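Protein chains in written order, with our numbering: chain A, 2 to 376; chain B, 2 to 376. For glycine and all other residues, C-beta sits at the position ideal for the given N, C-alpha and C. Since this is a predicted model, take the numbers as computed values, not measurements. What follows is a single structure, written as structure tokens, with notes after it.
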């Protein structure tokens, strides 16, 4: 396989690390008409990513084949970011180096320990991805309409502009934050939830079989993240230990207040101020996440339909929605363990919910209920 | 409105409490050909449930209109269970009394404090329901193929048989457990997750707006329960304080080990044994929940499709699945806040995943990726 020099008006982009994120960036940039070279510590990964359309395997020597690299994207595990950024600066001294990392402060400190001048290196973090890894899960659409954090701490403005350009070429939208603000934010919305999900799921590890039998959708939702790759997460958590520890302590303290209050309540108490405070505050926090499209406070109605487990069931129900011109805003299927019937939940505009339920019933579907938003 | 005496070979069933659960039981029993009387502290709720087909509003005096009640179902809030069971035993001394409650030990103790002989009273708990309440959310199908726990502690065998019969008439399947085992199980799979979800969501209550902007599907899944009714949950948690406290302490201890380890780790550590143990154990616990149909360890492949937000999009994608004879095992839509494009995730048999992705692409859909189960 001979390396063909990528063409293009500006210089080429070199992507180092061709896993899920690196390969997806490559696919998006290729689709946007950019020249992309790929490099990975594992040549098989490079070949696979190239075969999937993420770019061209880079030549072994940077001087070869007329390669003019002006942008380097480093998408390797957190622990390897700093050494790779340093190495690639030596190889491509005039290029802007963009790294992609779940944490930002620690790689920035490590880079500044290794290099006197790092103002051409900029840290970024696309808020997209998957609990699955590798180039086979990658896609040019991974970043489409997703936020992508850019941390311009100590960078030349031109480096931030190059990062903005890459984010937009991938279909994402840039969100500027300091490295500290980013790490605090992801500790709250990503790293702490991961640990809590694992802790909850861990309680099921030795639970009696009948307990697992009666587990419903609530615990399933809460333990989904616990299925993620432990090696990747160990690295992420270790790289953001301070902020994770702070938010985890806040959470622990909130639970401690409830534990204490439950220990003090007598057998006749049907009210508990600490529990009420926790539940009320949780509802207020949940409210801030809002619905889709960022339309906070907008609520959908839910139409529940009992469906059987055979091909065509979902499409038949959704055909009825289409016939009525009702847009299904969100959809989920709840299956009871051991049973071939499930409940399909359709989130729709409250104005359309009743007529939809009626129409589905008239077509012979069993509508289990219609629920309207209650605040 | 005059009360007509329900007809039927055996005696009538009286349902006390016509909210979501009571009305749904009424609908299911009416559909099964039973005679059902309804009673609720709020006459409007009774009328609404009756109008929805959950039964007939009960006459004010039990002797009226030839009512022969042989089964009483008590579906009132946990704190009111014992007094209602006692009152109804006096009114219908020959009836079996089945109560429906999220907790079991405490109502059993309260009943035994009120009554010398309570062997005709049996506690049950259908593992179904909704974070929404009231008769308008109710349905005859609510219990279809769902587990329904029956706690026969101290009951006559005939009472347990009557409970089994009601559960089956509602389409559910009985799961026998002691009251203690039940309360321990729901503390683990329902009550502790509720408090943890509220605690996590509570951390978002005062978070900066940009933090909310970058929140993804993980934290959304984990905080869904936090939207539930705080008053109902305060009551449930208070009624199961002991087991909830025990499991919450276990969880707190697991988090404490991580907090401690994170405080001790130096800035250069990229590994942390306590974090690794938590993540590994979480993955093992999650694995036990398995997929749908109780088929533990069976994994589906995920085909991700980028979809736009307009009527007919879902149905068009699912039509393609139907044409190929591919059964969609599960489905979800991930929306990025502020953006009109989402990613549809289709869970399908791994054998069919690649050809499905191919077929969707050939029809012009943007397939963002195919992921196979990785263990």
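The C-beta of residue 123(A) comes no closer than 8 Å to any C-beta of chain B. The beta carbons of residue 154(B) and residue 179(B) sit closer together than 8 Å.
Unbroken beta strand (DSSP E) runs of no fewer than 3 residues, entirely contained in the segment 170 to 247 of chain B, are found at 174 to 177, following chain order.
Chain B places a beta carbon closer than 8 Å to that of residue 212(A), counting this residue as a contact. In the structure shown, the three-state DSSP call for residue 266(B) is coil. Assignment of residue 53(A) by DSSP, reduced to helix, strand and coil, places it in the coil class.
The closest CA to that of residue 19(B), considering only 322(B), 139(B), 263(B), 211(B), is found on 139(B). Cβ neighbours of residue 29(A) within its own chain (closer than 7 Å, five residues either side excluded): 141, 144, 170, 171, 172. By the Cβ-count criterion, residue 324(A) is exposed, with fewer than 16 other Cβ atoms from all chains shown falling within 10 Å of its own Cβ. The bridge partners DSSP lists for residue 124(A) are 100(A), 152(A).
The alpha-carbon separation between residue 289(B) and residue 348(B) amounts to approximately 19 Å. Put simply, the CB of residue 181(B) is far from chain A, with every gap to its CB atoms at 8 Å or more.
With a beta-carbon spacing of about 12 Å, residue 56(A) and residue 34(A) fall beyond the 8 Å limit used to define contacts. Listed in chain order, the non-local C-beta contacts of residue 200(A) below 8 Å within the same chain number zero, local neighbours out to five positions each way being set aside.
Selection 194(B), 105(B), 112(B) evaluated against residue 182(B) yields 105(B) as nearest (Cα-Cα). Comparing C-alpha distances from residue 212(B) to each of 213(A), 282(A), 188(A), 353(A) shows the shortest one belongs to 188(A).
Secondary structure within the segment 64 to 96 of chain B: the beta strand (DSSP E) runs of 3 or more consecutive residues, fully enclosed, are 70 to 75 (chain order). According to DSSP, residue pairing for residue 332(B) in a beta bridge involves 347(B).
With 16 or more other Cβ atoms inside 10 Å of its own Cβ, residue 80(A) counts as buried. Using beta-carbon distances, residue 234(A) counts as an interface residue toward chain B, with a partner under 8 Å.
For residue 367(B), the enclosing beta strand (DSSP E) stretches over residues 367 to 372. No Cβ-Cβ contact shorter than 8 Å links residue 246(B) with residue 228(A). No Cβ of chain B is located within less than 8 Å of the beta carbon of residue 157(A). For residue 362(A), no chain B residue has a C-beta closer than 9 Å to its own C-beta; the minimum C-beta separation is roughly 11 Å.
Just so you know, the alpha carbons of residue 115(A) and residue 122(A) end up roughly 12 Å apart. Residue 203(A) sits close to residue 255(B), with the two beta carbons spaced by under 8 Å. Residue range 274 to 290 is occupied by the alpha helix (DSSP H) that includes residue 276(B).
A Cβ of chain A is located within less than 8 Å of the beta carbon of residue 219(B).
With a cutoff of 8 Å on beta-carbon distance, residue 330(A) and residue 301(A) are scored as near each other. Taking a C-beta cut-off of 9 Å against chain B, the contacting residues of the segment 18 to 29 of chain A are 21, 25, listed in chain order. Using a Cβ distance threshold of 8 Å, residue 235(A) and residue 259(B) do not count as a contacting pair. Residue contact check for residue 178(B) against chain A: a CB pair falls below 8 Å.
Sequence-distant partners of residue 86(B) (beyond 5 residues in either direction) whose C-beta falls short of 7 Å from its own C-beta, in its chain, are 75, 98, 100, 112, 122. If you draw a straight line from the Cα of residue 327(B) to the Cα of residue 307(B), it comes to about 19 Å. Listed along the chain, the chain B residues whose CB falls inside 9 Å of the CB of residue 109(A) amount to none; the nearest CB is some 12 Å away.
When the Cα atoms are used, residue 78(B) and residue 222(B) turn out to be separated by approximately 27 Å.
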